[in-house]
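Residue numbering for the sequence shown follows our numbering, starting at 2 and increasing by one per position.
Notes to accompany the following structure.
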Amino acid sequence: MKQLQTALDGYSLVTAQSISEHARSAGNNYTIDQIKEGEAELALILSLTQQGFETNAPVQGIMKVLTERLQALMNKSAPAVWAHLASVAQSHPVSSFLLQDPLTRWSFEKPRGYSGDAYLLDFIYEHPTVAAQVEAASPLGAEVYDFTRRSPSAVAVRERRDLLAAHVDAVADANDNAEILAIAAGHLREAELSHALRSDKLKRWVALDQDPVSVGTVSSNFHGSRVEAINGSVRTILGRAQKLGTFDFIYAAGLYDYLAENVAVRLTERCLQMLKPGGKFLLANFARGIGVEGYMETFMNWPLIWRTDEEVEAIINKVRHHLADISVTRGENGGVIYAVLTV
Ligand SMILES: C[S@@+](CC[C@H](N)C(=O)[O-])C[C@H]1O[C@@H](n2cnc3c(N)ncnc32)[C@H](O)[C@@H]1O
């Protein structure tokens with residue numbers, strides 16, 4: 002598939018190189034025996050999966066077992082061993098079955114040149130935009146998609162979109178002419194669910210993203226509304242390169258999972274500075290231990306910085322800004338950690 006390259010700002014770990022540099026910094030202690038043991042276990046997992054597909058065993062069962070076994074292998078492997086095993090898995094012939102799933106394939110091929118683009122999220126949102134590609138999938142691909150679109154991470158992402166729309170609506174109820182900023186907005190799908198936007202209760206909803214194609218999509222989808230799509234990045238925000246003004250609510254979803262802690266702290270501080278008195282900043286981060294990391298990091302080639310509640314709290318504790326209130330919670334699904342900071 003043709004790759005469209007986006008100018009990345011170097012702050013988010015969205016390329017194979019940036020992610021492997023981050024993994025290397027986590028430590029490199031492993032032995033040749035650990036590599037050999039991991040390879041042997043992986044080979045067994047993948048050949049049993051391949052056999053399952055070749056003998057037309059029920060796809061949901063194959064996928065469940067594959068996901069669980071990859072997760073168990075990842076959990077017991079040193080980070081550098083796991084990084085090696087993930088690349089071995091990606092070149093195994095079983096991937097020809099898994100890549101028939103449009104969601105796995107888009108994630109693996111990265112047609113936009115980086116991980117976690119907004120179009121990928123549309124497969125998770127089951128958005129009409131991707132309906133034709135879903136329809137075009139092989140019967141096997143459709144069954145694998147039926148599994149991946151219902152995985153805990155996908156359920157968490159859809160819940161995240163719903164919660165964001167509810168937050169925006171609550172801010173609009175509490176503040177006349179509310180001003181909202183979405184950082185790494187993607188296609189701003191939460192806005193499609195917002196009553197406040199539909200009833201024209203907002204002053205502006207700024208949707209900032211580093212990907213000009215996604216910015217263009219938001220701009221045309223929400224033409225004539227209070228949504229303002231702008232091209233910008235973590236780098237431009239930290240460098241104060243754009244005059245964005247101040248906001249009642251700023252949020253970043255699907256971004257902190259790509260930010261090293263020092264960048265996350267600086268971005269949080271900058272966002273807090275852009276809030277009006279009493280304003281709120283929300284950051285969302287995938288929770289570690291959701292159970293699908295192994296599959297995502299192998300066949301989807303979609304590694305993330307999965308954090309614990311303590312790791313999210315560590316970011317907040319390093320922030321130098323007065324906070325009137327801090328809340329760290331999870332959604333019903335438990336797969337995403339939400340920190341809401343009030344100034
Ligand atoms: C996983 S998507 C999330 C999109 C949207 N927030 C959502 O929840 O559907 C991640 C988005 O982050 C954007 N992104 C990644 N790194 C960025 C950066 N350093 N600055 C601004 N946007 C970034 C990507 O272009 C992409 O649209």
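Ideal placement from N, C-alpha and C gives every residue a C-beta, glycine not left out.
DSSP-derived helix/strand/coil call for residue i
i    : result
D170 : helix
D46  : Reading off the sequence, residue 46 comes out as Ile, not Asp. Residue state, collapsed to three classes: helix.
L14  : coil
L245 : coil
S92  : coil
Q4   : With a pLDDT of 48 at Q4, under the threshold of 50, the modelled position of that residue is not reliable, and no figure is offered here.
V216 : helix
P304 : coil
Y31  : coil
L9   : coil
L283 : strand
For residue j and residue i, the rounded distance between their alpha carbons
i    : j    : result
I238 : T68  : 38 Å
A185 : S96  : 30 Å
S195 : D163 : 9 Å
A132 : A166 : 23 Å
R227 : T343 : 24 Å
A58  : P80  : 32 Å
E144 : E180 : 42 Å
G246 : M275 : 7 Å
Q35  : G295 : 17 Å
L182 : L121 : 22 Å
R289 : F98  : 27 Å
Residue i beta carbon near ligand 1 (any heavy atom closer than 6 Å)
i    : result
D170 : no
G187 : yes
G39  : no
A119 : yes
A254 : yes
D212 : yes
Y12  : yes
V235 : yes
L122 : yes
S215 : yes
Range covered by the alpha helix (DSSP H) that runs through residue i
i    : result
I63  : V60 to K77
N263 : E262 to Q274
A230 : Premise fails: A230 lies in the beta strand (DSSP E), V228 to N232, not in any alpha helix (DSSP H).
T105 : P103 to E110
Y296 : E294 to T299
Rounded distance between the beta-carbons of residue j and residue i, thought under 8 Å
i    : j    : result
A254 : R161 : 5 Å
Minimum Cβ-Cβ distance from residue i to chain D less than 7 Å
i   : result
V60 : The chain inventory of the structure shown lacks chain D, comprising one protein chain alone.
Where the beta strand (DSSP E) through residue i begins and ends
i    : result
L342 : V337 to T343
K204 : L203 to D210
D326 : D326 to R331
E180 : A179 to I184
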